[in-house]
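Notes follow once the structure below has been shown.
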Amino acid sequence: MATFLYKLGRLSFRGRRWVALIWVAVLLAVGTAAALTNGDVEEDFALPGTESQQAFDLMEEQFPGSNADAISSRIVFQAPEGEVVTSPENTAVIEGVLARLEGGEQIVGIADPFESNAVSQDETTAYATVDYSASWADITETMRSELFDALDEGRDVGLVVEASGEVAYGEADFGHGEIIGIGVAAMVLIITFGSLIAAGLPLITALIGVGIGMSGIGALSVLLGLTEMTGILAMMIGLAVGIDYALFIAARYRSELVAGHSREEAVGRAVGTAGSAVVFAGLTVIIALAGLWVVNIPPLTKMGLAAAATVAIAVLVALTLVPAMLGFVGKRIFGRKIRAANPVTGVPSTLPPTFSKSGGDNFGTRWAKGVLRRPVVVLVASVAALGALALPVADLELGLPDDSTQPEETTQRQAYDMLSEGFGAGFNGPLVLVLDGRDAADPQGAADLIGTQVEELDGIVATAPPFFNESGDVATMVAFPTSGPASTETTELVAQLREDVAPAVDSDTGVSLLVSGQTAANSDFSEVLSDALVPYLALVVGLAFVLLMLVFRSILVPLKAALGFLLSVLAALGAVVAVFQWGWMAGLFSAEAGPIMSMMPIFMIGVIFGLAMDYEVFLVTRMREAHVHGEDSHQAVVTGFQLNARVVTAAAIIMISVFSGFITAGESMVKMMGFGLAMAILIDAFVVRMTIVPAVLGLLGERAWWLPAWLDRILPNVDVEGETLERYLRANGQGREAVKAAREPAPVG
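Each residue of the sequence shown is one higher than the last, beginning at 607 in my numbering.
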């Protein structure tokens, strides 16, 4: 493969104008397709195989007149202290607020709280339900302004008036993480390369790749139901890996120029060596993201596949557009001062050291030597620190965000709190019971009996009367629990209804009882993700282990990589729990304490595994390359750090910056994901890959590169370290010895 990539790099260099034009043309074409795409994106939040989804499907079949996508809002009224909402003055104010909404855009009905028995027992709180004929995608600014103008009318006369529901939400706030990340990345690249031109190259190529990926998602959004959240996560990951991959190839190009190669030859060698690492690093990310399909949750599958496609584009950009751009940049990959100091060649005799001492060792060399002097101490200390950071995972609570996790100043959060105070914690998370009596002798009599039995349960406050379909054999019934929607008590209540009550009801009456609604669906969602975690880990880690075994021709190195990943993900997840669930320093990140989003652990595992293997591949392949070319195991570790530590450090800082920028988002999932991924890369790059990896390799010595002979024979040789490329170049008079001889002065005499 290294030889093929070498030829591809040289071809891209020679045809750089055509390559650049093709990529720009693709960007324009896909961008035009995205701009011409019209229509609403239908969010397909399905949970195949779960009881809640079975109930949703039955309701859609038996109540065809209802619009499952229609939205509603609740307007909550609270009387001033010492007053009640049922007083004539306050009643008039409430009726005035609701009258103002009559005839509003898309409003099809308003339930008066005094007619629908929506007043709390102490008469201090009441709520009105406003039904719309629109779906989430149809919400307009006019609908929002009408709602908030009505709220203000009630507030102006002293009532506390807040609202919940889709219309009460503003536009989704995804922050400006990409701008922050690009800004920090630019500074890091300038420091790394010492050249504005060289710093701009990875940014430009990464933005072109991300632009194509995002435009592709936009063009397919209506057809495939790709939400804005899908695009944000794809951009977050695509931008980070796009910059990193271009950075690694550009850094190797500099090394090859210093080694004395021509610009075209340097590009070819950079793509043949660092490009091979890019291919396998990208494959691990793609495997990890695409593997999310095993979870069998459509939105999560779409997120994973969209992000994987963006990573695939980043790999293609790195292998073709980056070498083409290096052709335009040439020796300006070095800063002006370096070129001025070497006026004949424009290339320094050695790469500028990073944080070097007078002895010439750079920081990476000194770091590796320091770790190798005390590998046991370093290993034990690092693992102990990560273990301590992972301790909060034992208290992990999963759930989906609701109004209780919104910032306290929002109207949704205040409405939630008012309803909990006035009607009980469970009012915000009612359970929908679907009664299928098509095989029962007396469905309506059975429904009354079921209502009585459910009300007698300890965790139930009350039930609403059943609502039947036209044929009178299928009904829905709402049950209000005593606990909140995200509490473990409610989850246990759902399990009790399904495992104890439903079988007894079916046996006694012939009615099938299904527990559904948003609260039950959230519980099912968490359970599906938990059940899928082990198969997903087995698939992703298994495939990646085989891939890394091909790359490193070793069993222990991939095993070490997988164990290091587990340390990274557990420590990062522990930090997420401490901040977002326990509330430690939550104010610093403008976060509200609550359950961790259900999809967070499995999505973090997928993304972190792929990205962690990036640094494993880039760092250890350089060690493997040095070992293959004759260095002993300890010196190979030092050489790998001497040549790649600076670039890996820069790449990690860039990726951390990109992810950290998304912590500014208002959306809790984006904020949590940005924090979790930033912490994971910080831990994995600087503790696991830069500290634990050299310590373990130092302890293993030559055993690290051991592979059974029989396995070595059957595994294909992918040659990431460029051994076959070196043989190819020697055969063509371009090997290391030939280059060295060309650089040495001719002997005198």
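Virtual Cβ for every residue (Gly too), placed ideally from N, Cα, C.
Is G1304 near the ligand ADP, with its Cβ less than 8 Å from a heavy atom?
The model depicted lacks the ligand ADP and carries no ligand whatsoever.
Whole-angstrom Cβ separation of A887 and D1290, contact assumed at under 8 Å?
Within the sequence shown, the letter at position 281 stands for residue 887. Within the sequence shown, the letter at position 684 stands for residue 1290. Not a contact, Cβ separation roughly 13 Å.
Three-state secondary structure (DSSP) at Q1248?
The count along the sequence shown starts at 1 and reaches residue 1248 at position 642. Three-state DSSP puts Q1248 in a helix.
Output the distance between the C-alpha atoms of G787 and R616, rounded to the nearest integer angstrom.
As a first step, residue 787 must be located in the sequence shown, where it is residue number 181. As a first step, residue 616 must be located in the sequence shown, where it is residue number 10. Approximately 31 Å between the Cα atoms of the pair.
Would you report the Cα separation of A991 and A1177, rounded to the nearest angstrom?
For the purposes of this step, residue 991 is taken as residue 385 along the sequence shown, with counting starting at 1. For the purposes of this step, residue 1177 is taken as residue 571 along the sequence shown, with counting starting at 1. Cα to Cα, A991 sits roughly 9 Å from A1177.
Mind checking V636: buried by the 16 CB within 10 Å criterion, or exposed?
Along the sequence shown, read from residue 1 onward, the residue named residue 636 stands at position 30. Here V636 is buried, its C-beta having at least 16 other C-beta atoms within 10 Å.
Sequence-distant residues of the same chain with beta carbon closer than 6 Å to A626, five excluded per side
Counting from 1 along the sequence shown, the entry for residue 626 is found at position 20. Within the same chain, Cβ atoms closer than 6 Å to the Cβ of A626 are found at A930, the five residues on either side in sequence being excluded.
Cβ neighbours of E870 in the same chain (closer than 6 Å, five flanking residues each side left out):
The residue labelled residue 870 in the question sits at position 264 within the sequence shown. Within the same chain, E870 has close Cβ partners R616 and F619.
For T960, which of helix, strand or coil comes out of DSSP?
Residue 960 sits at position 354 when you count from the first residue of the sequence shown. At T960 the pLDDT is 45, less than 50, meaning the model places this residue with poor confidence; the figure from the coordinates comes in the next sentence. Reduced to three states, the DSSP call for T960 is coil.
Across which residues does DSSP place S770 in a beta bridge pair?
For this step, residue 770 is matched to residue 164 along the sequence shown. Paired residues: R680.
Could you tell me which of V900, A774, G806 and D728 sits nearest to L1135, measuring between CA atoms?
Here residue 1135 is taken as the residue at index 529 of the sequence shown, counted from 1. Comparing Cα positions, the closest option is V900.
Do you know offhand how far I919's Cα is from V1080's?
Along the sequence shown, read from residue 1 onward, the residue named residue 919 stands at position 313. Along the sequence shown, read from residue 1 onward, the residue named residue 1080 stands at position 474. For I919 and V1080, the distance between alpha carbons rounds to 50 Å.
In angstroms, rounded to a whole number, what distance separates the CA positions of E1062 and V682?
Reading the sequence shown from its first residue, position 456 is the one you call residue 1062. Reading the sequence shown from its first residue, position 76 is the one you call residue 682. Rounded to the nearest whole angstrom, the C-alpha separation of E1062 and V682 is 29 Å.
Taking the alpha-carbon positions, what's the Y851 to V921 distance?
Position 245 of the sequence shown holds residue 851. Position 315 of the sequence shown holds residue 921. The C-alpha of Y851 lies about 7 Å from the C-alpha of V921.
Would you call E1350 buried or exposed, if buried means 16 or more other Cβ atoms sit within 10 Å of its Cβ?
Residue mapping note: residue 1350 aligns to position 744 of the sequence shown, counting from 1. Note that E1350 has pLDDT 41, beneath the 50 cutoff, so the model's placement of it is unreliable and the number below is only indicative. E1350 should be labelled exposed.
Please report the straight-line C-alpha distance between S658 and A1218, rounded to a whole angstrom.
On the sequence shown, residue 658 is found 52 positions in, with the first residue counted as 1. On the sequence shown, residue 1218 is found 612 positions in, with the first residue counted as 1. Take the alpha-carbon of S658 and the one of A1218: they are about 36 Å apart.
Should V794 and I1259 be called a contact, given that it needs their Cβ atoms to be closer than 9 Å?
Sequence index remark: in the sequence shown, residue 794 carries index 188 (1-based). Sequence index remark: in the sequence shown, residue 1259 carries index 653 (1-based). In this structure, V794 lies near I1259, with their beta-carbon atoms less than 9 Å apart.
Identity of the residues DSSP links to T735 by a beta bridge:
As a first step, residue 735 is located in the sequence shown; it is residue number 129 there, counting from the start. For T735, which the question treats as bridged, DSSP gives the partners R680 and A717.
State the Cα-Cα distance for the pair E666 and L802, rounded to the nearest angstrom.
The residue given as residue 666 occupies position 60 in the sequence shown. The residue given as residue 802 occupies position 196 in the sequence shown. Rounded to whole angstroms, the gap between the alpha carbons of E666 and L802 is 59 Å.
Check whether the stretch 1109 to 1128 touches the stretch 1051 to 1059, taking contact to mean three or more Cβ pairs, one atom from each stretch, closer than 8 Å.
With a cut-off of 8 Å, the stretch 1051 to 1059 and the stretch 1109 to 1128 count as touching, because enough Cβ pairs lie within range.
Limits of the alpha helix (DSSP H) - the one that V1107 falls within:
As a working note, residue 1107 is residue 501 in the sequence shown. First-last for V1107: undefined, no H or E at that position.
Report yes or no: do three or more beta-carbon pairs, one from the stretch 819 to 838 and one from the stretch 1292 to 1307, lie closer than 8 Å?
Short answer: they don't touch.
Close beta carbons around L1139, own chain, < 8 Å, minus the five adjacent residues each side
Here residue 1139 corresponds to residue number 533 of the sequence shown, with the count starting at 1. Excluding sequence neighbours, L1139 sits near P1207, I1208 and I1211.
I need the DSSP call for A640, collapsed to helix, strand or coil.
Here residue 640 is taken as the residue at index 34 of the sequence shown, counted from 1. A640 falls in the helix class under three-state DSSP.
Quick one: give me the first and last residue of the alpha helix (DSSP H) that D1042 is part of.
Here residue 1042 is taken as the residue at index 436 of the sequence shown, counted from 1. From DSSP, D1042 is part of no alpha helix (DSSP H) but of the beta strand (DSSP E) over L1037 to D1042.
Can you tell me whether W1311 is buried or exposed, with buried defined as 16 or more other CB within 10 angstroms of its CB?
Reading the sequence shown from its first residue, position 705 is the one you call residue 1311. It is buried - the Cβ of W1311 has at least 16 other Cβ atoms within 10 Å.
What are the start and end residues of each continuous beta strand (DSSP E) run of 3 or more residues lying completely inside the stretch 1169 to 1241, in chain order?
Segments of the beta strand (DSSP E) lying fully in the stretch 1169 to 1241: there are none.
Report the option in V877, A717 and N948 whose CA atom is closest to the CA atom of G933.
Within the sequence shown, numbered from 1, the residue matching residue 933 stands at position 327. Residue V877 is the option with its Cα nearest to G933.
How far does the beta strand (DSSP E) with T951 in it reach, from first residue to last?
Taking the sequence shown and counting its residues from 1, the one referred to as residue 951 is at position 345. First-last for T951: undefined, no H or E at that position.
Apply the 10 Å Cβ neighbour rule to E768 and answer buried if 16 or more other Cβ atoms are within range, or exposed otherwise.
Counted from its first residue, the sequence shown places residue 768 at position 162. Within 10 angstroms of the beta-carbon of E768 lie 16 or more other beta-carbons, which makes it buried.
Do the stretch 1034 to 1041 and the stretch 1116 to 1136 touch if we need at least three Cβ pairs shorter than 8 Å?
At 8 Å Cβ cutoff, the stretches touch.
Taking just the CA atoms, how far does G866 sit from A856?
Residue 856 sits at position 250 when you count from the first residue of the sequence shown. Residue 866 sits at position 260 when you count from the first residue of the sequence shown. C-alpha separation (whole angstroms): 16 Å.
Of the choices V736, L1120, V725 and V1234, whose alpha-carbon is the least far from that of E1308?
Residue mapping note: residue 1308 aligns to position 702 of the sequence shown, counting from 1. Nearest C-alpha to E1308: V1234.
Hey, F1029 and S726: beta-carbon distance below 9 Å or not?
The residue you call residue 1029 lines up with position 423 of the sequence shown. The residue you call residue 726 lines up with position 120 of the sequence shown. With respect to the 9 Å criterion, F1029 and S726 are classified as neighbours on the basis of their beta carbons.
Where does G976 land, buried or exposed, given buried means 16+ other C-beta within 10 angstroms?
Indexing the sequence shown from 1 puts residue 976 at position 370. Exposed: under 16 other Cβ atoms inside 10 Å.
Straight-line gap, N968 to R1295 (C-alpha atoms, nearest Å)
Mapped onto the sequence shown, residue 968 falls at position 362. Mapped onto the sequence shown, residue 1295 falls at position 689. Between the C-alpha atoms of N968 and R1295 there is a straight-line separation of about 18 Å.
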